[in-house]
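Structure record follows, encoded as structure tokens.
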Amino acid sequence: MVRHIVLTLNEFIIERQSEFPYAKGELSRLLSHIGIAAKIVNREVNKAGLVNILGESGMENIQGESQKILDVFADQQFISALKVTGECCGIATEENENIITFKTDLAKDGKYIVTIDPLDGSSNIDVNASIGTIFAIYRRLSPLGHEAMLEDFLQEGTRQVAAGYIIYGSSTMMVYTTGRGVNGFTLDPSIGEFCLSHPAIQTPTTGTIYSINEGNYIKFPEGVKKYIKYCQESDKPTNRPYSSRYIGSLVADFHRNLLKGGIFLYPSTESYPTGKLRLLYECNPIAFLAEQAGGKACDGLGNRILDIKPQSLHQRVPFYTGSRQMVDKAEEFIHKFESND
Ligand code: AHM
Ligand code: MG
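Below you can see the structure in the form of structure tokens.
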């Protein structure tokens, strides 16, 4: 019998721990706990289609537990998983207006804070399409021994010590970086472990996929409109026209483009004049992963996403990310036509 040796997420995290400048195992524990919460959320996500059979959200299930809407469930799972580590003094999530600070003595000594979108693209749940969790980890700025403060969360993306996402798709994967490349782990349901399946991910420098909600076309900046037309023109040497692929779930759209090469665009629109996606728990972690995989992320206004100083917790920014050459090209168009907007 041939035996395949698998490297699990936890083994990998421990193996890599010594590469980390101030490694004492705290960050490893945080990442492991995120992995555990992800498995619990995954279990519930997989049951989503059964909700109508087992009882509606907000009603009691057969064990007498009240059932929660999945994004609220995911939010609570990640909050409690991070609370018990004692390494994390606070968390900011898409579901909560203000930061959540952990008040135990252990947590007050925690060196890290986490920003997280617990279940991104949740409108896709009802139709069985992929959704995801996105997270970023920072070292706190406020003194140890106290509760976390807002300033701990308003740090530039360059200061992330780790970031990643979980994609609940045809299989469930966790992809993360600690600033030394990007690695992907696929959940093997038979052993309940994330196993290293995509080591040292590098994204192609160019690709043939563009991902954007074209329904908002009329209100896009002029340069974005021109770039879309460029993607649609025929040109053999650059493999155009490109293919349009858009799930409406950032993690799923980004993950596909990361592996195949492509560009994801979420510009300003009529409903979202500064873009829809949130800097702290959507754009920054994705931008960190993109750059670590050799790609690029910018706001189309001349700024690298990771350099933007956040002003507020739920700040939105226009977002362009993916294969380096494609993002460069989109930026070139935006810049060229910016006076027409
Ligand atoms: P959400 O956090 O409310 O789920 O919204 C974020 C999602 C992203 O996953 C996705 O890229 C985007 O919204 C899609 O927006 P739209 O439906 O406007 O194209
Ligand atoms: Mg979201």
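Counting from 958, one number per residue, gives the positions in the sequence shown under my numbering.
All residues carry an ideal CB built from backbone N, CA and C; glycine is no exception.
No experiment lies behind these values; they were computed from the predicted model shown.
Under three-state DSSP, which class holds Met1283?
Here the question's residue 1283 lines up with position 326 in the sequence shown. The three-state reading of DSSP puts Met1283 in helix, counting H, G and I together.
For Asp1077, is the beta carbon positioned less than 7 Å from some heavy atom of the ligand MG?
Start at 1 with the first residue of the sequence shown, and residue 1077 comes out as number 120. Yes, Cβ of Asp1077 sits closer than 7 Å to a heavy atom of the ligand MG.
Just to confirm, are Arg1281 and Gly1251 a CB contact at a threshold of 8 Å?
By one-based count along the sequence shown, residue 1281 stands at place 324. By one-based count along the sequence shown, residue 1251 stands at place 294. Yes. Within cutoff.
Measure the alpha-carbon distance for Phe1092 versus Thr1195 and round it to whole angstroms.
As a working mapping, residue 1092 is identified with position 135 in the sequence shown. As a working mapping, residue 1195 is identified with position 238 in the sequence shown. Computed Cα separation, rounded: 34 Å.
Take the Cβ of Asp1192 as the centre, count every other Cβ of all protein chains shown within 10 Å, and call the residue buried at 16 or more, exposed below.
The count along the sequence shown starts at 1 and reaches residue 1192 at position 235. Taking a 10 Å sphere around the C-beta of Asp1192, we find fewer than 16 other C-beta atoms and assign the residue as exposed.
When you compare only the Cα positions, how much space is there between Ala1287 and Tyr1184?
On the sequence shown, position 330 is the one that residue 1287 refers to. On the sequence shown, position 227 is the one that residue 1184 refers to. Whole-angstrom Cα-Cα distance: 6 Å.
Quick check: is any heavy atom of the ligand MG less than 7 Å from the C-beta of Glu1239?
One-based indexing of the sequence shown puts residue 1239 at position 282. Yes, Cβ of Glu1239 sits closer than 7 Å to a heavy atom of the ligand MG.
Per-residue DSSP class, three states only, for Ala1105:
Sequence index remark: in the sequence shown, residue 1105 carries index 148 (1-based). Three-state DSSP puts Ala1105 in coil, outside helix and strand.
Between which two residues does the beta strand (DSSP E) holding Cys1045 run?
Numbered from 1 along the sequence shown, position 88 holds the residue referred to as residue 1045. Looking at the DSSP string, the run of the beta strand (DSSP E) that includes Cys1045 is Cys1045 to Thr1050.
Cα separation between Glu1022 and Lys1040?
As a position in the sequence shown, residue 1022 is number 65, starting the count at 1. As a position in the sequence shown, residue 1040 is number 83, starting the count at 1. Bear in mind that the predicted position of Glu1022 carries a pLDDT of just 46, short of 50, making it too unreliable to give a figure here.
Report yes or no: do the stretch 1101–1117 and the stretch 1141–1158 share at least 3 C-beta pairs separated by less than 8 Å?
no
Assign Lys1266 to one of three DSSP states: helix, strand, or coil.
Here residue 1266 is taken as the residue at index 309 of the sequence shown, counted from 1. In this structure, Lys1266 counts as coil in the three-state DSSP scheme.
With DSSP run on the structure shown, which of helix, strand or coil describes Ile1010?
Locating residue 1010 in the sequence shown gives position 53, where the first residue counts as 1. Because Ile1010 carries a pLDDT of 47, less than 50, the predicted location of this residue cannot be relied on, and no value is offered for it.
Can you tell me which residues form a DSSP beta bridge with Lys1253?
Locating residue 1253 in the sequence shown gives position 296, counting from the first residue. Answer by DSSP bridge pairing, in chain order: Gly1279.
Distance, Arg986 Cα to Ile1010 Cα
By 1-based counting over the sequence shown, the position of residue 1010 is 53. By 1-based counting over the sequence shown, the position of residue 986 is 29. Any reading at Ile1010 is ruled out, since the residue's pLDDT is 47, under 50, leaving its predicted position unreliable.
What residues are listed by DSSP as bridge partners for Phe1151?
Here residue 1151 refers to the residue found at position 194 of the sequence shown. Answer is Leu1144, bridged to Phe1151.
What residues in its chain sit with their C-beta under 6 Å from that of Asn1297, if we drop five residues either side in the sequence?
Taking the first residue of the sequence shown as 1, we reach residue 1297 at position 340. By the criterion of a C-beta distance shorter than 6 Å, Asn1297 is surrounded in its chain by Glu1179, once the five residues flanking it on both sides are discounted.
Tell me the start and end of each unbroken alpha helix (DSSP H) in the stretch 1152–1233 that is at least 4 residues and wholly inside, in chain order.
Within the stretch 1152–1233, the complete alpha helix (DSSP H) runs of at least 4 residues are 1179–1189 and 1207–1217.
Is any heavy atom in the ligand MG found nearer than 7 Å to the beta carbon of Glu1052?
As a first step, residue 1052 must be located in the sequence shown, where it is residue number 95. Not so, every heavy atom of the ligand MG lies at least 7 Å from the Cβ.
Buried or exposed: which applies to Ile1166, given that a residue is buried once 16 or more other Cβ atoms fall within 10 Å of its Cβ?
Along the sequence shown, one-based indexing puts residue 1166 at 209. When all chains shown are included, Ile1166 counts as buried.
Is it right to say Ile1123 is buried, meaning 16 or more other beta carbons lie within 10 angstroms of its own, or is it exposed?
Within the sequence shown, residue 1123 is the residue found at index 166, counting from 1. Buried is the call here.
Compute every distance between the C-beta of Gly1219 and the non-hydrogen atoms of the ligand AHM, then say whether any falls below 7 Å.
In the sequence shown, counting from the first residue as 1, residue 1219 sits at position 262. Gly1219 Cβ: outside cutoff for every heavy atom of the ligand AHM.
Are Glu983 and Lys1068 touching if we call contact CB-CB under 8 Å?
Within the sequence shown, the letter at position 26 stands for residue 983. Within the sequence shown, the letter at position 111 stands for residue 1068. The answer is yes: Cβ separation under 8 Å.
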